[in-house]
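Q: Have a look at the structure that comes next, please.
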Amino acid sequence: QLVLKINAIYEARRGKKRVKRLSQSTESNSGKVTDENSESDSDTEEKLKAHSQRLVHVKSRLKQTPRYQSLERDLIEYQERQLFEYFVVVSLHKKQAGAAYIPEVTQQFPLKLERSFKFMREAEDQLKAIPQFCFPDAKDWAPIHQFASETFSFVLTGEDGSRRFGYCRRLLPSGKGKRLPEVYCIVSRLGCFNLFSKILDEVEKRRGISPALVQPLMRSVMEAPFPALGRTITVKNFLPGSGTEVIELRRPLDSRLEHVDFESLFTSLSVRHLSRVFASLLLERRVIFIADKLSTLSKCCHATVALLYPFTWQHTYIPVLPPSMIDIVCSPTPFLIGLLSSSLPRLKELPVEEVLVVDLVNNRFLRQMEDEDSILPRKLQAALEHILEQRNELASDKEEGPVNGKQGKAHPLNEVVSEAFVRFFVEIVGHYSLFLTPTEREERALQREAFRKSVSSKSLRRFLEVFMETQMFGGFIQERELRKQGVRGLFEVRAQEYLETLPSGEQSGVNRFLKGLGKEPAKPLASQ
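Just so you know, the numbering used here puts the end of the sequence shown at 515, numbered straight through with nothing missing.
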């Protein structure tokens, strides 16, 4: 029901025609295609100029960093992984009386990192940086009587583009009088927030009894087998007074929305501002979020990246940037970075160019490029914003509707937002599988120009011209070109449903065109 409602809103805004009969339209390359769904025929010089500038900007960046973060490589690495790589406790100390507190690693497990030299060097560099990620606000702390524990996370990007996640629980050690909090941090390659939150619950429970109980627990977790997708593993650990406890840890089939709290994003930003941030990230621009709380930065960054599914942000991603590393914002490459409000005066002094600075506290842009509202295809942007404005009504309808076992577990708001953005991408690239054709090397290749020109809407073709030059699009297509079985996931299911709604003439036009190239089209990916 929810998906049908969302689809209906897009269809009402977009109009009926989607994919053209390519056999007629692409044979003549004159470009004079009747366009029933263009935004208007009056293409102003300003629009074309802005479009050309965006195209040049994206292409020039691709030359700087022409590397994709392929999921194939990550999957191979996962086969030999443990659940986590290392676990540290970070505490605050003063070098001398009157000085500010400095975060330091006070415990580490395992003590020795027995791996290749390259891993060792990188891990040592990361271990030096981790205290600052655990306490980016170290200088603001003083001993306190009470503190409700909080969970947050950060991301470390390696030299090869691989990512490690830091899952943190900040808590006040048990005791009397004023004390300083500690952070318990698990570093893993696995993006699976709920699983590690459960481990941190067990850490906190044991820390409350005795700090000596924490390390044996983490040893048991590290020795446990690495869980396959959708599988549960059991970890046995002795707890005084309770005997041997069995802890069940499940790795979900789809952890995409696990980490995600869209509510915090909508609390901080209006729909109009959010769509501009989304548009900027699609063109792989530089974006800085400013907030006064660690949890707000962490939640809003993770939620924003989740909006890009089925695409993956390929560039620098630091949800909470420690103040000592603020010079990173001067980097010429794309990034999504979160900064605490206390770093704002320093940010204003730095020579940062072409950046969108988003104030999450006051729902405003402190700096922008000024074209953010004209990046997305106009009708699709209107449909997306319309759904997001109605998100609470759609979510409450979803809650009242019938619940089937699998879908019922998702938070209704998360599902509404996720489906709205997935449909946006289905409208833009949902027809890609019709243009993946087999090559002599038994791989598949995207017929790029045919794919782009098959779209009826002029504004959408123009958007695709720029978007197809991004690393995000490159990685998405590369992964699908390499995989023989096809990719499975929510996006592929929705794209297949979309293809099935196309009038047969539209699909057959595509097929005839591709046969004319002397290549049979790849079959659309089957839904699960």
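Even glycine gets a Cβ: it sits at the ideal position worked out from N, Cα and C.
Measuring only the C-alpha atoms, how far is Tyr304 from Ala278?
A: 16 Å
Q: Taking all protein chains shown into account, do 16 or more other C-beta atoms lie within 10 angstroms of the C-beta of Asn401, making it buried, or fewer, making it exposed?
A: Buried, since its Cβ has 16 or more Cβ neighbours within 10 Å.
Q: If you run the structure through DSSP and keep just helix, strand and coil, what is Cys121?
A: helix
Q: If I'm right that His418 touches Leu323 with Cβ under 8 Å, what's the distance once you round it to whole angstroms?
A: Not quite, the Cβ-Cβ distance comes to about 28 Å (not below 8 Å), so this is no contact.
Q: Where does Phe104 land, buried or exposed, given buried means 16+ other C-beta within 10 angstroms?
A: At Phe104 the pLDDT is 49, less than 50, meaning the model places this residue with poor confidence; the figure from the coordinates comes in the next sentence. Phe104 should be labelled exposed.
Q: CB-CB under 7 Å to Gln69, same chain, minus the five flanking residues each way: which ones, in chain order?
A: Met209, Phe213
Q: Alpha carbons only, please: which of Val233, Asp248, Leu343 is nearest the one belonging to Glu271?
A: Leu343
Q: Does the stretch 360 to 368 come within contact of the stretch 260 to 271, defined as at least 3 CB pairs closer than 8 Å?
A: yes
Q: Return the bridge partner residues of Phe152 from the DSSP annotation.
A: Val142, Ser175
Q: Is the separation between the beta-carbon of Gly145 and that of Ile117 shorter than 8 Å?
A: no
Q: Out of Leu353, Ser446, Phe412, which one is the CA nearest neighbour of Ser328?
A: Out of Leu353, Ser446, Phe412, the CA that lies nearest to the CA of Ser328 is found in Leu353.
Q: Based on the DSSP secondary-structure assignment, which residues constitute the bridge partners of Gly230?
A: Leu226, per the DSSP bridge assignment.
Q: Establish whether the CB of Leu421 and some CB of chain D are separated by less than 8 Å.
A: Protein chains in the displayed structure number just one, and chain D is not present.
Q: I need the boundaries of the alpha helix (DSSP H) containing Gln304, first residue and last residue.
A: First, the residue type needs correcting, since residue 304 is Tyr and not Gln in the sequence shown. No alpha helix (DSSP H) holds Tyr304; the beta strand (DSSP E) holding it covers 303 to 305.
Q: According to DSSP, simplified to helix, strand and coil, what is Ser207?
A: helix
Q: Taking one C-beta from the stretch 176 to 185 and one from the stretch 234 to 253 each time, how about it: are there three or more such pairs within less than 8 Å?
A: A contact exists between the stretch 176 to 185 and the stretch 234 to 253.
Q: Is it buried or exposed for Thr457, if we count other Cβ within 10 angstroms and need 16 for buried?
A: By the Cβ-count criterion, Thr457 is buried, with 16 or more other Cβ atoms from all chains shown falling within 10 Å of its own Cβ.
Q: Leu(-11) and Glu406: beta carbons closer than 8 Å?
A: yes
Q: Alpha carbons only, please: which of Glu468, Met459, Glu340, Leu79 is nearest the one belonging to Thr299?
A: Met459
Q: Just tell me which of Thr138, Ser446, Glu479 has its CA closest to the CA of Lys280.
A: Taking only the C-alpha atoms, the option nearest Lys280 is Thr138.
Q: In whole angstroms, what separates the C-alpha of Glu26 from that of Gly461?
A: The predicted model places Glu26 with a pLDDT of 42, which falls under 50 and marks its position as unreliable, so this point remains unresolved.
Q: So, are the CB atoms of Phe422 and Gln434 less than 8 Å apart?
A: yes
Q: Which term fits Phe225, buried or exposed, when burial requires 16 or more other beta carbons within 10 angstroms of its beta carbon?
A: exposed
Q: Does Lys286 pass the burial test, meaning 16 or more other C-beta atoms within 10 Å, or should it be called exposed?
A: Burial check for Lys286: the Cβ neighbour count within 10 Å reaches 16 or more, so the residue is buried.
Q: Could you tell me the distance, in whole angstroms, from the CA atom of Pro511 to the CA atom of Glu427?
A: With a pLDDT of only 39 at Pro511, under the threshold of 50, the placement of this residue in the model should not be trusted; the figure read from the coordinates follows. Each residue's Cα considered, the two are about 19 Å apart.
Q: With distances taken Cα to Cα, identify the nearest neighbour of Pro425 among Leu469, Met455, Ala382, Val416.
A: Leu469
Q: DSSP three-state call for Glu72: helix, strand or coil?
A: Looking at Glu72 - three-state DSSP - the assignment turns out to be coil, as it is neither helix nor strand.
Q: I need the boundaries of the beta strand (DSSP E) containing Glu91, first residue and last residue.
A: 88 to 96
Q: Identify, in the order they occur along the chain, each residue of the same chain with its Cβ nearer than 8 Å to the Cβ of Arg448, setting aside the five sequence neighbours on each side.
A: Arg439, Lys440, Val442
Q: How is the beta strand (DSSP E) around Thr424 delimited, first residue to last?
A: 423 to 425
Q: Does DSSP put His80 in a helix, a strand or coil?
A: Strand at His80.
Q: Here's a check: name, in chain order, each residue in its chain whose Cβ is nearer than 6 Å to the Cβ of Gln11, leaving out the five neighbours to either side.
A: Low confidence applies here, because Gln11 scores a pLDDT of 36, under 50, leaving its location unreliable; read the following figure in that light. Excluding sequence neighbours, Gln11 sits near nothing in its chain.
Q: Skipping 5 residues on each side, what residues in its chain have a beta carbon closer than 7 Å to that of Val233?
A: The beta carbon of Val233 lies closer than 7 Å to those of Thr221, Lys223 in the same chain, with the five residues before and after it left out.
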